[in-house]
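**Q** I'd like to ask you about the structure that follows.
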Amino acid sequence: MGPDQAASVSMLARLRRELAADRAALDARAAELGRAAGRLNDEPWQAACAVALHAWYTCLETIIERSARALGEALPHGPSSHRDLLSLGMTEVPGLRPALIPERLGPDLEALLAFRHFFRHAYAVPLDPARLREHARRVDRIAAEVTAALGAFDSFLHAAVVAAGSE
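Residue 30 is where the sequence shown starts when you use our numbering, and the numbers rise one by one after that.
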């Protein structure tokens, strides 16, 4: 195995390890969200739910960004960078990688992105339990599909490691 090949195998193996930790964090945030969403009549649980929603979406963004950066893709910048990053994650790049998450989840993920933006910037606005419940249900509805898609992406990366190591 030459140095370039070794570097590729090492990068892909490291990416798989980092993404496995990110996926575990995503699952942990979903579990936290499930615990908090059942207690939204209490303000502290509203805050816990909001934090878990924010963290779940941010974790997903981190997975997309980490993957794009490792594979040499240009990361979006500017006022629409978060929406563009989500679009990047839902887009197959022929010859490089499959989509990380299914495009059909776009509307739900865009709603969660909007909540993340609200939560990050609306410091003095009271949280709305009905909206929190709606977003918690949204995550509950899509989390398994997101997890499965990220598992499929991990399988793609594993195959790439094997292929790069056998060339």
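Don't be surprised by glycine CBs; every beta carbon is placed ideally from N, CA and C.
All values derive from a computational prediction rather than experimental measurement.
By a C-beta neighbour count over all protein chains shown, 10 Å radius and 16 as the cutoff for buried, is V191 buried or exposed?
**A** Within the sequence shown, the letter at position 162 stands for residue 191. Exposed, because fewer than 16 other Cβ atoms sit within 10 Å of the Cβ of V191.
**Q** So what's V154 in DSSP terms, helix, strand or just coil?
**A** Position 125 of the sequence shown, counting from 1, holds the residue named residue 154. If DSSP states are grouped into helix, strand and coil, V154 belongs with coil.
**Q** Can you give me the start and stop residues for the alpha helix (DSSP H) that P32 sits inside?
**A** On the sequence shown, residue 32 is found 3 positions in, with the first residue counted as 1. P32 -> alpha helix (DSSP H) spans P32 to A66.
**Q** Specify whether the segment 134–141 and the segment 164–174 touch according to this definition: at least 3 beta carbon pairs, one from each stretch, less than 8 angstroms apart.
**A** Cβ pair count under 8 angstroms is three or more, so yes.
**Q** With distances taken Cα to Cα, identify the nearest neighbour of V175 among D137, A65 and W74.
**A** As a first step, residue 175 is located in the sequence shown; it is residue number 146 there, counting from the start. Taking only the C-alpha atoms, the option nearest V175 is D137.
**Q** Looking at C-alpha atoms only, which residue of L48, A193, D56 and V80 is the closest neighbour of R11?
**A** What the structure shows of the chain is the stretch from 30 to 196, and residue 11 is not part of that stretch, so it cannot be assessed.
**Q** Let me make sure I understand the geometry here. Which of P131, L41, D71 and R149 has the alpha-carbon closest to that of L186?
**A** As a first step, residue 186 must be located in the sequence shown, where it is residue number 157. Out of P131, L41, D71 and R149, L41 has the C-alpha closest to the C-alpha of L186.
**Q** If the criterion is Cβ atoms closer than 8 angstroms, does the pair I92 and L114 meet it?
**A** Counted from its first residue, the sequence shown places residue 92 at position 63. Counted from its first residue, the sequence shown places residue 114 at position 85. Cβ atoms of I92 and L114: not closer than 8 angstroms.
**Q** Look up R126 in the DSSP assignment and give the residues it is bridged to.
**A** Your numbering for residue 126 matches position 97 in the sequence shown. Answer is V122, bridged to R126.
**Q** Grouping DSSP H, G and I as helix and E and B as strand, with all else coil, what is H106?
**A** Here the question's residue 106 lines up with position 77 in the sequence shown. Three-state result, H106: coil.
**Q** Look up L69 in the DSSP assignment and say whether it is helix, strand or coil.
**A** As a first step, residue 69 must be located in the sequence shown, where it is residue number 40. Correct three-state label for L69: coil.
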